[in-house]
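A short worksheet on the structure shown next.
Number of protein chains: 2
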Amino acid sequence: MKIEQDIKVAVDAIVFGYHSGKLYLLLIKQKYGKYQGHWALPGGFVQNGEGLQAAVARELKEEAGVKVNYLEQLYTFGDAIDRDHRGQIISVAYFGLVNSAKLKLKAATDAEDANWFDSKDLPGLAYDHRMMVDKAIQRLQSKLQYQPIGFDLLDREFPFSDLEKLYQTILDRKIERRNFRRKILGFGILDETKKIKQKGSGRPAVLYKFNNQKYKALEKKGFHFEIKYA
Amino acid sequence: MKIEQDIKVAVDAIVFGYHSGKLYLLLIKQKYGKYQGHWALPGGFVQNGEGLQAAVARELKEEAGVKVNYLEQLYTFGDAIDRDHRGQIISVAYFGLVNSAKLKLKAATDAEDANWFDSKDLPGLAYDHRMMVDKAIQRLQSKLQYQPIGFDLLDREFPFSDLEKLYQTILDRKIERRNFRRKILGFGILDETKKIKQKGSGRPAVLYKFNNQKYKALEKKGFHFEIKYA
DNA sequence: ACAAAAGTGTTAGACCTACACCCATGG
DNA sequence: CCATGGGTGTAGGTCTAACACTTTTGT
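Chains A and B, in that order, give the protein sequences.
Quick note, the first sequence lines up with residues 22 to 251 if you use our numbering.
Quick note, the second sequence lines up with residues 22 to 251 if you use our numbering.
Written out as structure tokens, the structure reads:
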């Protein structure tokens, strides 16, 4: 190609997990360079012949051994030309979710250089990653209210109270249990299962399962998932 | 920089205008290359030291002399590595709106190589631009329902019926006049003005003006613009 | 006087909100 | 039997949806 362009393309991933009332973010400890020892989002340069989403998936696997449950493009950062000290680099940021089970496993087995952090208590981040995280949290909050992505953060089968707590945690406000339950169950996108006794005490909870087929079918008929609720 | 990356970064703009019940899209006739003579979205390579949004603004000015009223990032296309025959090029697409007055002027004065096309009757487009346009139309339709961007497509002062027709045109469905009017006026973000007789016949209409300050003030108090309506 | 577009109210049903007690289990 | 968390109904208010005729102008 004729044109001379000294701009590089990177991808970064903002990946969330949820467990027991806390929202977690996946971070990687930098091994080299200016930010050595600091925490940063997983990501890196796109390789020749590689698509953007493929690059994200590769980086997540290489750097953290994580396979996401949900992944979508968030935003492309490239207005501040000095956002990276190494040169002009634009970064296509992706937003991902992993489910509860994988999160626990990961947190237990992982070495030093990839870790889950409580999203309310993050360390200082490299580059402009803090901005990316903030944008991702906003996106998560708003998506939660008009798409059924909360289920991607829970186990495949979950007690209803987990869903309720998840909404309360992420949206950072109280939710009225009866109204919330009526609304969600009214959608008809959850299937009931057997029972289980979770945390020792208390009445055992029925487990529910998100039925994606039912959701897709309803969606085609013009149905819109939506949760508002003060 | 050490890494060798043969990926180029381009920007493209999907710019809409509205006039008299039609939604228009800005296109540029290609002068060189494989798609010579075909129509394509305004856009091009980002220059060294230039931010993404700045690049879009520059291309719009250079190629069409257009200054947009509203501009936001739409999506970054870069999963299909062969989307451009010249090599691996990712394109950051932006979504823009110009207001009615500028549109008329443009359509009248412009030469051969930039033109407004009825969005319902577009020519074949170069590259993957058709996909970009479809995505932009979806974005426009959904944004119209939860942000007051319709006003960016109208004159500064407009009869209420224009707003109604705009919604009907873009959302491609009938809107109930009384409900729509009550809803919008109820928000308290429009100011009334004098009168005017538009198209000859019919009762003259009161002109309204969007008051952005009032909107911003309400927004801070937790107000959300929203139009649903069958 | 007629054609054309602007303007205007009411009612039934759906949905949202607020609110407090009983149930099933483990210790 | 007590502590813990799960599960349930109702009533008032607000918002949506559906509906057709009158007003003001130009011709």
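Even glycine gets a Cβ: it sits at the ideal position worked out from N, Cα and C.
### Task
State whether the region 114-125 of chain A contacts the region 80-91 of chain A, with contact taken as three or more CB pairs (one from each stretch) at a distance under 8 angstroms.
yes
### Query
Around the Cβ of residue 38 of chain B, are there at least 16 other Cβ atoms within 10 angstroms (buried) or fewer (exposed)?
buried
### Task
Check each residue of the region 59-78 of chain A: if its Cβ is closer than 8 angstroms to any Cβ of chain B, include it; give the result in chain order.
66, 67, 68, 69, 70, 71, 72, 73, 74 and 75
#### Entry: Bridge partner(s) assigned by DSSP for residue 110 of chain A
A:29
#### Entry: Which of helix, strand or coil DSSP assigns to residue 150 of chain B
helix
### Message
Measuring only the C-alpha atoms, how far is residue 174 of chain A from residue 120 of chain A?
### Response
4 angstroms
### Query
Among residues of its own chain, excluding the 5 on either side of residue 85 of chain A, which ones have a beta-carbon nearer than 7 angstroms to its beta-carbon?
47, 49, 63 and 135
### C-alpha distance - residue 245 of chain B paired with residue 159 of chain A, whole-angstrom precision
About 15 angstroms.
### Query
Which two residues bound the contiguous beta strand (DSSP E) that contains residue 53 of chain A?
Per DSSP, residue 53 of chain A belongs to no beta strand (DSSP E) and is neither H nor E.
### Query
Is there a Cβ from chain A that is less than 8 angstroms from the Cβ of residue 101 of chain B?
yes
### Task
Please list, in chain order, all residues of the same chain as residue 183 of chain B whose beta carbon is under 7 angstroms from its beta carbon, the five residues on each side excluded.
Excluding sequence neighbours, residue 183 of chain B sits near 175.
### Query
How would you label residue 97 of chain B, buried or exposed, when you count the other beta carbons within 10 angstroms and need 16 or more for buried?
buried
### Query
Which one of B:231, B:225, B:185 and B:178 has the shortest CA to CA distance from residue 250 of chain B?
B:185
### Query
What are the start and end residues of the beta strand (DSSP E) that includes residue 227 of chain B?
Annotation for residue 227 of chain B: the continuous beta strand (DSSP E) segment containing it runs 226-231.
### Message
For a test of the three-state rule: what should DSSP assign to residue 246 of chain A, helix, strand or coil?
### Response
coil
### Task
Rounded to whole angstroms, what's the CA-CA distance from residue 105 of chain A to residue 54 of chain B? Just pull it up for me.
Straight-line Cα distance between these residues: approximately 34 angstroms.
### Query
On the three-state DSSP scale, how would you describe residue 94 of chain B?
strand
### Query
Of the choices B:25, B:239, B:248 and B:60, whose alpha-carbon is the least far from that of residue 145 of chain B?
Here the closest residue by C-alpha is B:60.
### Query
Which same chain residues, not among the five before or five after residue 138 of chain A, have their C-beta less than 6 angstroms away from its C-beta?
Once the five neighbours on either side are set aside, the close Cβ partners of residue 138 of chain A are 46 and 48.
### Query
So, residue 204 of chain A versus residue 170 of chain A, is the Cβ gap smaller than 8 angstroms?
no
### Query
When we look at the beta-carbon of residue 28 of chain A and count the other beta-carbons within 10 Å, is it buried (16 or more) or exposed?
buried
### Message
Beta carbons nearer than 8 angstroms to chain B: which residues of the region 172-205 of chain A have them?
### Response
Those residues of the region 172-205 of chain A that come within reach of chain B (Cβ to Cβ, closer than 8 angstroms) do not exist; the list is empty.
### Message
With distance defined between alpha-carbon atoms, name the residue in B:211, B:163, B:167 and B:83 nearest to residue 177 of chain B.
### Response
Closest by alpha carbon: B:211.
### Query
Can you name the residues that DSSP bridges to residue 236 of chain A?
Beta-bridge pairing links residue 236 of chain A to no other residue.
### Query
Between the C-alpha atoms of residue 34 of chain A and residue 75 of chain B, what's the straight-line distance to the nearest angstrom?
25 angstroms
#### Entry: Local conformation of residue 131 of chain B per DSSP, three classes
Its pLDDT being 48, under 50, residue 131 of chain B is placed unreliably by the model, and the measurement read from it follows with that caveat. Here residue 131 of chain B sits in coil by DSSP.
### Query
Taking residue 101 of chain B as the reference, which of B:150, B:197 and B:42 has the closest Cα?
B:150
### Rounded distance between the beta-carbons of residue 209 of chain B and residue 109 of chain A, thought under 8 angstroms
Actually they do not touch by this definition, with Cβ atoms about 45 angstroms apart.
### C-alpha gap between residue 140 of chain A and residue 43 of chain A, whole angstroms
8 angstroms
### Message
Nearest by alpha-carbon distance to residue 213 of chain A: which of A:201, A:219, A:226 and A:162 is it?
### Response
A:226
### Task
State the Cα-Cα distance for the pair residue 32 of chain B and residue 52 of chain B, rounded to the nearest angstrom.
Cα to Cα, residue 32 of chain B sits roughly 18 angstroms from residue 52 of chain B.
### Cβ-based contacts, 9 angstroms cut-off: residues of the region 81-115 of chain A near chain B
94, 96, 97, 98, 99, 100, 101, 102, 107, 108, 109, 110, 111 and 113
### Query
Should residue 206 of chain A go down as buried or exposed, given a rule of 16 or more other Cβ atoms within 10 Å for buried?
exposed
### Task
Could you confirm whether any beta carbon from chain B is found closer than 8 angstroms to the beta carbon of residue 49 of chain A?
no
### Message
Would residue 236 of chain A and residue 147 of chain A qualify as a contact pair, given that the criterion is a beta-carbon distance under 8 angstroms?
### Response
No, Cβ-Cβ distance for residue 236 of chain A and residue 147 of chain A is not below 8 angstroms.
### Message
Measuring straight from C-alpha to C-alpha, what distance separates residue 77 of chain A and residue 77 of chain B?
### Response
Straight-line Cα distance between these residues: approximately 26 angstroms.
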